[in-house]
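Trainee: Input: one structure, supplied below.
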Amino acid sequence: MGLSQSRATDTSETNAPSTPSVPPPPRPSASRLNPNPPSVLSYFLPIPTPVLTHDHLHPTYLEIRLVTRYLTHLGLPPELAPRILDEAGYWAGCRRQSGKQLAVRAMDPRGHVRNGVIWSTGQEDEVGMEARGPDGGLKGGPGEIWYLVSSPIGCWHQPGMTMGSTLPIDPDGDRQRVWVREVVFETLSKDQGWSNFQSHYGTYEQSYSWFEVALLRDGREVEGSRHSVQNNVHAGQYFKAHSNTLDRSHPTVKLARPGDRFVLWARAKYPGWSNNVMEAAITVFTSPFPPQI
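Each residue of the sequence shown is one higher than the one before, counting from 1 in the UniProt record's numbering.
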């Protein structure tokens, strides 16, 4: 749903430099936001969908560098090759997705889950105590709960990595070689399904159930990075999927640095309003080259 598909790149020309064989990263995990065609065996041996997933999408940083080298080998100016890849959207993608159901109610600082289970994102250990402490960047409040965080900007795929493994930064240690190109936020959600304003039913007008995005850096929220990204349909009767793409011109993306995490917040305001989240995903697309202006 709004995600880039894998692109096959042919570098087998006779005069092209020899390159190592790179196994493809795993396909994104199946879900209602990102359905994969079921196999015949799935009807007999159903495989449960993971609640929290971590996927890497084609291409990898290595593939981007190899294609850039190949284009310059063909005679293109070195400064032109990265621009061509940008126009094609040829970027590395790191996707985090959660299928945990959550109800955020206005005036209530707690997340509500069916059967009275205490709400947990499953990423608490990943973000650390500092971020979740009283002065941390993930401290919520009434009608304000963080639902999902991305992997650190610069997270990359390495052959042999198991699903869920995270390498936050390029092993070379040069964080300046990783630049965010765009971030895709996908949500499947609805509000409480009713309100006193029937004239707004089925629209986004006067909707007080929504999502916000922000940046987390060193356990704190980056000042000026919090922005609204999507409202729920007013008095929506069904869960509705939304996809929002933030490019380099977005204020939050402008502030992003390697190592930062994008945070998706579920919000609700005023008595009676709630944000019922079925699932959501954050996909961060990056490049090892600075953007060509």
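Glycine included, every Cβ here is placed at the ideal spot set by N, Cα and C.
1. Provide the residue(s) that pair with H242 in DSSP beta bridges, ordered along the chain.
2. Is S150 closer than 9 angstroms to V229 when the C-beta atoms are compared?
3. Rounded to the nearest angstrom, how far is the Cβ of A280 from that of L148, given a contact under 8 angstroms?
4. When DSSP labels each residue in this structure, what does T166 get in the three-state scheme?
5. Should I64 go down as buried or exposed, given a rule of 16 or more other Cβ atoms within 10 Å for buried?
6. Taking Cβ to Cβ, would you say L246 is nearer than 9 angstroms to V213?
7. Less than 9 angstroms between the C-beta atoms of V113 and W119, yes or no?
8. P77 to I84, Cα distance in whole Å?
9. Mapping DSSP to helix, strand and coil, what is residue 315?
10. Thinking D108 and P142 are a contact (beta carbons under 8 angstroms), I'd like their distance in whole angstroms, please.
11. Just mark T60 as buried or exposed, buried being the case when its beta carbon has 16 or more other beta carbons within 10 Å.
12. Taking the alpha carbon of W146 as the point to measure from, which residue in L80, P288, L216 has its own alpha carbon closest?
13. In chain order, which beta strand (DSSP E) runs of at least 3 residues are fully inside the segment 124 to 162?
Mentor: In short:
1. Taking the sequence shown and counting its residues from 1, one reaches residue 242 at position 242. Paired residues: T187.
2. Reading the sequence shown from its first residue, position 229 is the one you call residue 229. Reading the sequence shown from its first residue, position 150 is the one you call residue 150. Cβ distance not < 9 angstroms, so V229 and S150 don't count as in contact.
3. Counted from its first residue, the sequence shown places residue 280 at position 280. Counted from its first residue, the sequence shown places residue 148 at position 148. Going by Cβ atoms, the distance from A280 to L148 rounds to 5 angstroms, so yes, they are a contact pair.
4. As a working mapping, residue 166 is identified with position 166 in the sequence shown. Annotation note: pLDDT 45 at T166 (below 50); position unreliable, no value reported.
5. Here residue 64 corresponds to residue number 64 of the sequence shown, with the count starting at 1. By the neighbour-count rule (16 or more Cβ atoms within 10 Å), I64 is buried.
6. Locating residue 246 in the sequence shown gives position 246, where the first residue counts as 1. Locating residue 213 in the sequence shown gives position 213, where the first residue counts as 1. Yes, the Cβ-Cβ distance between L246 and V213 is below 9 angstroms.
7. Walking along the sequence shown from the start, residue 113 turns up at place 113. Walking along the sequence shown from the start, residue 119 turns up at place 119. Contact: yes.
8. Translated into positions along the sequence shown, residue 77 becomes position 77. Translated into positions along the sequence shown, residue 84 becomes position 84. Going by the C-alpha atoms only, they are around 11 angstroms apart.
9. The structure shown does not extend to residue 315, since the chain is modelled only from 1 to 293, so the question has no answer here.
10. Residue mapping note: residue 108 aligns to position 108 of the sequence shown, counting from 1. Residue mapping note: residue 142 aligns to position 142 of the sequence shown, counting from 1. Indeed they touch by this definition, with Cβ atoms about 6 angstroms apart.
11. On the sequence shown, position 60 is the one that residue 60 refers to. Buried is the call here.
12. Along the sequence shown, one-based indexing puts residue 146 at 146. Looking at the Cα atoms, L216 is the closest of the given residues.
13. 144 to 149
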